[in-house]
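Asks:
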Amino acid sequence: MHIIKVRKSLIKALEDEGYVVEVLTARDEYFDTLVAEGYKIHEINTLERQGTSVVEQVKLYLEYKTNYKKIRPDFVIHYTIKPNIYGTLVASSLHIPSIMTVNGLGQIYENQKLFKMVSVLYRRACNKSKAVIFQNADDQQIFISKKIVAKKKAFLVNGSGIDCQLFSPQICNGQAVQPMEGKLKFILITRLLWTKGVREYYEAAERIKKKYPQATFYIVGYTQDNERVGVTSSIMQEWQKTGIIQFLGSIPDIRKILCGCDVAVLPSYYREGIPRFLIEALALGKAIITTDNVGCRETVVDNWNGFMVPVKNVDHLYKAMEKMIVMTNEKLTEFKDNSRKFAIEKFDEKEILKVYTGLTDQYLTTHN
Numbered sequence: 001m002h003i004i005k006v007r008k009s010l011i012k013a014l015e016d017e018g019y020v021v022e023v024l025t026a027r028d029e030y031f032d033t034l035v036a037e038g039y040k041i042h043e044i045n046t047l048e049r050q051g052t053s054v055v056e057q058v059k060l061y062l063e064y065k066t067n068y069k070k071i072r073p074d075f076v077i078h079y080t081i082k083p084n085i086y087g088t089l090v091a092s093s094l095h096i097p098s099i100m101t102v103n104g105l106g107q108i109y110e111n112q113k114l115f116k117m118v119s120v121l122y123r124r125a126c127n128k129s130k131a132v133i134f135q136n137a138d139d140q141q142i143f144i145s146k147k148i149v150a151k152k153k154a155f156l157v158n159g160s161g162i163d164c165q166l167f168s169p170q171i172c173n174g175q176a177v178q179p180m181e182g183k184l185k186f187i188l189i190t191r192l193l194w195t196k197g198v199r200e201y202y203e204a205a206e207r208i209k210k211k212y213p214q215a216t217f218y219i220v221g222y223t224q225d226n227e228r229v230g231v232t233s234s235i236m237q238e239w240q241k242t243g244i245i246q247f248l249g250s251i252p253d254i255r256k257i258l259c260g261c262d263v264a265v266l267p268s269y270y271r272e273g274i275p276r277f278l279i280e281a282l283a284l285g286k287a288i289i290t291t292d293n294v295g296c297r298e299t300v301v302d303n304w305n306g307f308m309v310p311v312k313n314v315d316h317l318y319k320a321m322e323k324m325i326v327m328t329n330e331k332l333t334e335f336k337d338n339s340r341k342f343a344i345e346k347f348d349e350k351e352i353l354k355v356y357t358g359l360t361d362q363y364l365t366t367h368n
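Numbering follows this note's numbering, with no gaps: position 179 of the sequence shown is 179.
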């Protein structure tokens with residue numbers, strides 16, 4: 001549930017405008033925390049990320065219909081592919097105005113047959129949605145060029161944004177000290193899918209450790225059940241035994257561990273929106289190594305706040321890591337300071353929230 005990490009600021013911004021906000025989402029480990037904090041949460045049971053059977057899709061559509069009839073919202077903001085499609089179609093059938101956010105196309109775009117099928121559904125949903133918000137220009141251009149969405153409905157924001165006060169180097173309390181030569185701390189925080197570049201990270205780290213044994217490599221995230229998809233717990237156990245990486249599991253608040261690191265690494269070839277991890281790392285003043293990939297490239301200016309490398313290229317990733325290690329403290333500090341500036345100038349959530357509150361105001365006024 002990204003709600004607790006990413007959408008709380010939007011909920012507050014809408015409440016500050018006088019709106020009553022309710023959340024419809026699948027249950028996970030954050031669900032009860034949200035309820036305890038006073039959020040009005042409704043559970044949806046059939047919303048599975050990987051489910052593709054026709055029966056599951058029909059069940060999901062009907063469950064949206066049941067919930068929307070019960071909640072009777074005046075306006076709906078949808079996120080991610082299935083809510084974007086089925087939630088929007090249900091809302092339209094009940095004459096409820098809605099908008100959607102396309103926060104990355106994920107693995108769907110790599111499978112052209114699947115993307116063609118999904119495009120038909122997305123085209124229909126975009127036609128019913130009042131606006132479609134994109135988190136990167138590549139996805140926006142694909143939707144417009146393939147006539148999935150009308151250009152006048154397509155809005156572009158820089159990811160989900162970040163609270164630059166909540167994520168500030170000042171909260172680190174001296175944890176981010178000047179590293180000694182060869183002792184840099186690298187970190188990867190992600191869902192542990194192969195397409196997120198986790199294997200490339202491990203293999204580059206393996207090479208670095210042979211030459212710079214004092215360098216430290218952390219991995220934070222959920223292991224996967226299927227090793228064809230990503231890193232399973234057994235694979236991770238084997239990696240840990242080598243001493244190359246330190247696996248920290250899932251951490252609800254990543255600020256503390258990020259504070260103690262120097263370089264945020266995401267060698268992803270997954271079709272990202274703009275990765276939340278990299279935005280958070282920018283705000284905390286971390287140097288960046290990431291790929292020349294959709295969504296990732298928006299977070300780095302090569303040789304200014306980090307390095308951009310080709311996808312699926314361990315050699316270039318290794319060289320970028322080594323450049324960070326041999327870099328002077330002064331140059332590394334410059335990279336980190338530039339990351340913080342970049343976060344404030346490009347990713348501050350205040351501007352992004354204005355887009356959502358503005359569209360909500362506009363279409364509720366029109367609808368009423």
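C-beta atoms are modelled at their ideal positions from N, C-alpha and C, and glycine is treated no differently.
1) On the three-state DSSP scale, how would you describe S98?
2) Which of helix, strand or coil does DSSP assign to A287?
3) Rounded to a whole number of angstroms, what is the C-alpha to C-alpha distance between K346 and I187?
4) Using three-state DSSP, classify Y270 as helix, strand or coil.
5) Does the beta-carbon of V58 have 16 or more other beta-carbons within 10 angstroms, so that it is buried, or is it exposed?
6) Identify every run of the beta strand (DSSP E) within the region 207-284, keeping only runs that are complete inside it and at least 3 residues long; order them along the chain.
7) By the DSSP assignment, the beta strand (DSSP E) with F335 in it spans what residues?
8) Which whole runs of the alpha helix (DSSP H) in the region 104-151 are 4 residues long or more, in chain order?
9) Determine the extent of the alpha helix (DSSP H) in which Y68 is found, giving its start and end residues.
10) Contact between the region 165-174 and the region 133-142: three or more CB pairs below 8 Å?
11) For D302, name the three-state secondary structure that DSSP assigns.
12) With contact counted as at least three CB pairs below 8 Å, one residue from each stretch, are the region 332-351 and the region 215-231 in contact?
13) Give me the Cα-Cα distance between T299 and I133, rounded to the nearest whole angstrom.
14) Along the chain, which unbroken stretches of the beta strand (DSSP E) at least 3 residues long are found entirely within the region 16-51?
15) Comparing alpha-carbon positions, which option in L284, E238, I244, G18 lies nearest I254?
16) Out of H78, Y61, D28, point me to the one whose CA is closest to E22's CA.
17) Any idea what DSSP makes of K12, helix, strand or coil?
18) Could you tell me which residues DSSP pairs with K185 in its beta bridges?
19) Could you check how far apart the C-beta atoms of I274 and G159 are, in whole angstroms? I think they sit under 8 Å.
20) Based on DSSP bridge pairs, tell me the residues matched to L193.
21) State the DSSP-derived secondary structure class of L317, mapped to helix, strand or coil.
22) If contacts are defined as beta-carbon pairs under 8 Å, then F379 and S98 qualify, I think. What distance do you get, rounded to the angstrom?
23) Please report the residue range of the beta strand (DSSP E) in which V90 lies.
24) Using 10 angstroms around the beta-carbon of K390, count the other beta-carbons present and answer buried if the total reaches 16, otherwise exposed.
25) Counting pairs of beta carbons, one from the region 307-317 and one from the region 239-255, are three or more of them closer than 8 Å?
26) In or out: K196 buried (at least 16 other Cβ within 10 Å) or exposed?
27) What's the call for P83, buried or exposed, on a 16-neighbour Cβ count within 10 Å?
Replies: With the given structure in hand:
1) strand
2) strand
3) 23 Å
4) coil
5) exposed
6) 216-220, 263-266
7) No beta strand (DSSP E) contains F335, which is instead part of the alpha helix (DSSP H) from 329-346.
8) 112-128, 137-145
9) 54-71
10) no
11) strand
12) no
13) 19 Å
14) 22-25, 40-43
15) L284
16) H78
17) helix
18) T216
19) 3 Å
20) G230
21) helix
22) Any question about residue 379 goes unanswered here, given that the chain covers just 1 to 368.
23) Segment 88-93 is the alpha helix (DSSP H) holding V90; no beta strand (DSSP E) there.
24) With the chain running from 1 to 368 in the structure shown, residue 390 is simply not present.
25) no
26) buried
27) buried
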